[in-house]
Amino acid sequence: MTFGIAYSVSMRIAIISDIHGNREALDAALNDISRRGVDFIVCLGDIVGYGPDPGYCIDRVRTTTSNVVLGNHDEAVFLPQRSMEFNHVARAAVQWTVRNLDEDQVSYLKSLPHSLAIQDILFVHSAPGDTGRWPYIFSNFEARMYFSKFRERLAFVGHSHVPGIFAENPSVTDFNGRDRFIINVGSIGQPRDRDKRLSYGILDTVAATYENIRLDYDVRTTASKILENGLPVSLAERLFVGR
Ligand code: ZN
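Quick note on my numbering: the sequence shown kicks off at 3 and runs consecutively.
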């Protein structure tokens, strides 16, 4: 998916989200990003939860970019009552994650903001205007409720682990440089759109394009580490099918 965007400020931004402690996927994505070349990287949260390398992923994200927002799994690490809303697999993963982070890594998660605005672009984990309910946007219908909650032209979101582009105006089928969009960049560490390849986005305000990038990574290694660490088996299995 590629479409034009009319911007006066020149930026090439990589947007990553939902890494979920998947070291192999994060490393593959960051290598690909550095090969393509960007001005900076934004991370939309859920650095941890589900995967076997939460500490590594926090340290790598922290040294790679200062543009990072909080995700619900990051929050559950320091607000344990939050994980009561999770299913039992996600909750077990949060409890394991808490035991495998040091104090400094937890304080870093605590320091993350709910949203970030750069030029005419908003970055949040779940939905514009949300500060803790963590709603999902899966469809144009759901997306439409959120356009009144932000002023920027574009909003980037993650959370559903399903990449997608939602236009404010239902009759818009092509990008025209005037309309507004909510864009989901998909997930680095646990894709759920039946495509096991990691997913992230590159917005290029010079070339006026947005591209959703899909890339293979070493799923086997991540899956074996999930099993070795005693995390729920389903968390390893789903990585092979992307759901
Ligand atoms: Zn997530």
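All residues carry an ideal CB built from backbone N, CA and C; glycine is no exception.
Here the structure is a predicted model, which means the values were calculated and not measured.
State the Cα-Cα distance for the pair residue i and residue j, rounded to the nearest angstrom.
i	j	result
A238	P54	10 Å
S117	E170	20 Å
T259	G232	Residue 259 lies beyond the range of the chain shown here (3 to 245); nothing can be said about it.
I123	R182	10 Å
R1	R216	Nothing about residue 1 can be read from this structure; the chain reaches only from 3 to 245.
Q107	S236	26 Å
Q265	A157	Residue 265 cannot be examined here, being either before or after the span of the chain that is shown, 3 to 245.
Q97	V79	8 Å
R14	R196	28 Å
S85	R93	5 Å
K151	V126	12 Å
Y58	S173	44 Å
N24	T175	35 Å
R101	I167	37 Å
P165	E105	33 Å
R153	G131	10 Å
L72	L114	5 Å
S141	S36	32 Å
S223	D61	Reading off the sequence shown, one finds Thr at residue 223, where the question assumed Ser. One C-alpha to the other measures close to 20 Å.
T4	Y219	Interpretation of T4 is limited by its pLDDT of 43, a score under 50 that renders its predicted location unreliable; no figure is taken from the coordinates.
I49	H161	11 Å
R155	N33	29 Å
I43	N69	7 Å
Mind checking residue i: buried by the 16 CB within 10 Å criterion, or exposed?
i	result
K198	buried
H22	buried
G39	exposed
I139	buried
Q1	Since the first residue of the chain shown is 3 and the last is 245, residue 1 is not available in this structure.
G134	exposed
N74	buried
P56	buried
D20	buried
Taking 7 Å as the line, does the beta carbon of residue i fall inside it for any heavy atom of the ligand ZN?
i	result
H116	no
H90	no
G57	no
D48	yes
D20	yes
G248	Residue 248 cannot be examined here, being either before or after the span of the chain that is shown, 3 to 245.
G203	no
G73	yes
Let me check one thing: in DSSP terms, what residues is residue i bridge-paired to?
i	result
C45	I18 and V70
D122	In the DSSP output, where bridge partners are listed per residue, D122 has none listed.
G166	N186
L156	I123 and F183
- Can you give, in chain order, each stretch of the beta strand (DSSP E) that sits fully within the stretch 196–239 and has at least 3 residues? If we require 3 residues or more, the beta strand (DSSP E) runs fully inside the stretch 196–239 come out as 200–206 and 211–217.
- Item | Minimum length 4: unbroken alpha helix (DSSP H) runs contained in the stretch 78–137 | 90–101 and 105–112
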